[in-house]
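*Asks:*
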Amino acid sequence: MRLLLVGPPGSGKGTQAGRLAAHYGIAHLASGDLLRREVEQGTPIGKIAAGYIQRGDLVPDEIALRVMAGPILEAARRGGYVLDGFPRTVHQAEEAYRMAERIDGIELQAVVHLKVGRDELRRRLLYRHGQEGRADDIQATINHRLRVYDAETAPLLDFYARRGLVAEVNGEKHPDKVFAHIVAALDALESERRRPV
Ligand code: AMP
């Protein structure tokens, strides 16, 4: 199984990706986590990424691609992945698509769009700031990240919808319900694909 979760910051991508990874026995690849690790370790990539993450801007596409390409190839070989936070721009999606054209068995099979209203997102991110202390979960940066999501990431949904890959899921429910909806939506997408034309 090879999946991507798309949704604004606070929509529950990390929580649901972790559950899906356990459920399907696949790798959870979170670009934000991998980038934060580079920052903590003070690597050359981390030194470039730090300022962007702090401001709530996206790191340059080449940086995101460089961090994610290896883990995606490795996970695809081992049975699959759930991507959380990458691709995050249409350019990243196009580049990933070009890579998948050259290598068999790595392309995305489904995209789950987690839909959550703005008030709920702000509430969750401020709560997470209290719990985890992430520096980019403060009010001003939250608003900026939501604008970046609308401008840069939301257009991905059209890109994947044109390829018949997108399942829409209401992300405002209890995490158990959201998880059940995702699994049901993935099953529906799969049987749709298998239906003879
Ligand atoms: P996240 O943990 O997914 O909210 O990501 C935290 C931050 O990491 C984002 O605000 C970006 O600065 C950066 N980031 C994560 N994934 C990407 C990506 N695919 N492209 C560019 N920047 C990213």
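Its first residue numbered 1019, the sequence shown is counted upward by one per residue in the working numbering.
Each residue gets a CB set at the ideal place from its N, CA and C atoms; glycine is no exception.
State yes or no: is the C-beta of V1077 nearer than 7 Å to some heavy atom of the ligand AMP?
*Replies:* To locate residue 1077, count along the sequence shown from 1; it is residue 59. Result yes, Cβ under 7 Å from the ligand AMP.
*Asks:* Alpha carbon to alpha carbon, how far is Y1178 from R1211?
*Replies:* As a working mapping, residue 1178 is identified with position 160 in the sequence shown. As a working mapping, residue 1211 is identified with position 193 in the sequence shown. Near 15 Å, if we compare the C-alpha coordinates of R1211 and Y1178.
*Asks:* Which residue wins for smallest C-alpha separation from E1092, given the options I1044, T1107, A1185, P1173?
*Replies:* Against the sequence shown, residue 1092 aligns to sequence position 74. Of the candidates I1044, T1107, A1185, P1173, the one whose C-alpha sits nearest the C-alpha of E1092 is I1044.
*Asks:* Tell me the DSSP bridge mates of Y1099?
*Replies:* Taking the sequence shown and counting its residues from 1, the one referred to as residue 1099 is at position 81. Answer is R1020, A1045.
*Asks:* Skipping 5 residues on each side, what residues in its chain have a beta carbon closer than 7 Å to that of L1053?
*Replies:* Against the sequence shown, residue 1053 aligns to sequence position 35. If you ignore the 5 residues before and after L1053, its C-beta comes within less than 7 Å of the C-beta of A1067, I1071, V1077, V1085, all in its own chain and listed in chain order.
*Asks:* Decide yes or no for the touch test of the region 1134 to 1150 against the region 1102 to 1119: beta carbon pairs closer than 8 Å, at least 3 of them.
*Replies:* no
*Asks:* Take E1138 as the anchor and find which of I1160, T1061, Q1034, E1170 has the nearest alpha-carbon.
*Replies:* Translated into positions along the sequence shown, residue 1138 becomes position 120. Checked all of I1160, T1061, Q1034, E1170; the closest Cα to E1138 is I1160.
*Asks:* Is the beta carbon of L1023 within less than 7 Å of some heavy atom of the ligand AMP?
*Replies:* For this step, residue 1023 is matched to residue 5 along the sequence shown. Outside the cutoff, so no.
*Asks:* Quick one: measure Cβ to Cβ for G1103 and A1048, integer angstroms, because I've assumed they're closer than 8 Å.
*Replies:* To locate residue 1103, count along the sequence shown from 1; it is residue 85. To locate residue 1048, count along the sequence shown from 1; it is residue 30. Contact holds; Cβ gap of about 6 Å.
*Asks:* Taking the continuous alpha helix (DSSP H) assigned at E1210, which residues delimit it?
*Replies:* In the sequence shown, counting from the first residue as 1, residue 1210 sits at position 192. It spans 1193 to 1212 - the alpha helix (DSSP H) in which E1210 sits, taken as one unbroken run.
*Asks:* Using the C-alpha atoms, what's the distance from R1140 back to D1155?
*Replies:* Locating residue 1155 in the sequence shown gives position 137, counting from the first residue. Locating residue 1140 in the sequence shown gives position 122, counting from the first residue. If you take the alpha carbons of D1155 and R1140, they lie about 9 Å apart.
*Asks:* Exposed or buried, what is H1131 when buried is set at 16 or more other beta-carbons lying within 10 Å of its beta-carbon?
*Replies:* One-based indexing of the sequence shown puts residue 1131 at position 113. Looking at its Cβ environment, which holds 16 or more other Cβ atoms inside 10 Å, H1131 is buried.
*Asks:* Considering V1130, what are the terminal residues of the beta strand (DSSP E) in which it resides?
*Replies:* Taking the first residue of the sequence shown as 1, we reach residue 1130 at position 112. First-last of the beta strand (DSSP E) with V1130: 1128 to 1133.
*Asks:* Run the proximity test for Y1178: is its beta-carbon closer than 7 Å to any non-hydrogen atom belonging to the ligand AMP?
*Replies:* Taking the first residue of the sequence shown as 1, we reach residue 1178 at position 160. Result no, Cβ not under 7 Å from the ligand AMP.
*Asks:* Under 8 Å between the Cβ atoms of G1030 and V1196?
*Replies:* Taking the sequence shown and counting its residues from 1, the one referred to as residue 1030 is at position 12. Taking the sequence shown and counting its residues from 1, the one referred to as residue 1196 is at position 178. Yes, the pair counts as a contact, with Cβ atoms nearer than the cut-off.
*Asks:* Going by beta-carbon coordinates alone, are L1101 and L1021 separated by less than 8 Å?
*Replies:* Here residue 1101 refers to the residue found at position 83 when the sequence shown is read from its first residue. Here residue 1021 refers to the residue found at position 3 when the sequence shown is read from its first residue. In contact: L1101 and L1021 (Cβ atoms closer than 8 Å).
*Asks:* Helix, strand or coil: which one does DSSP assign to V1077?
*Replies:* As a first step, residue 1077 must be located in the sequence shown, where it is residue number 59. DSSP places V1077 in coil when its eight states are reduced to three.
*Asks:* When you compare only the Cα positions, how much space is there between K1191 and K1133?
*Replies:* For this step, residue 1191 is matched to residue 173 along the sequence shown. For this step, residue 1133 is matched to residue 115 along the sequence shown. Near 10 Å, if we compare the C-alpha coordinates of K1133 and K1191.
*Asks:* Please return the same chain residues whose Cβ sits closer than 6 Å to the Cβ of H1223, not counting the five positions on each side in sequence.
*Replies:* Past the boundaries of the shown model lies residue 1223; the chain is included only from 1019 to 1215, so the question cannot be answered.
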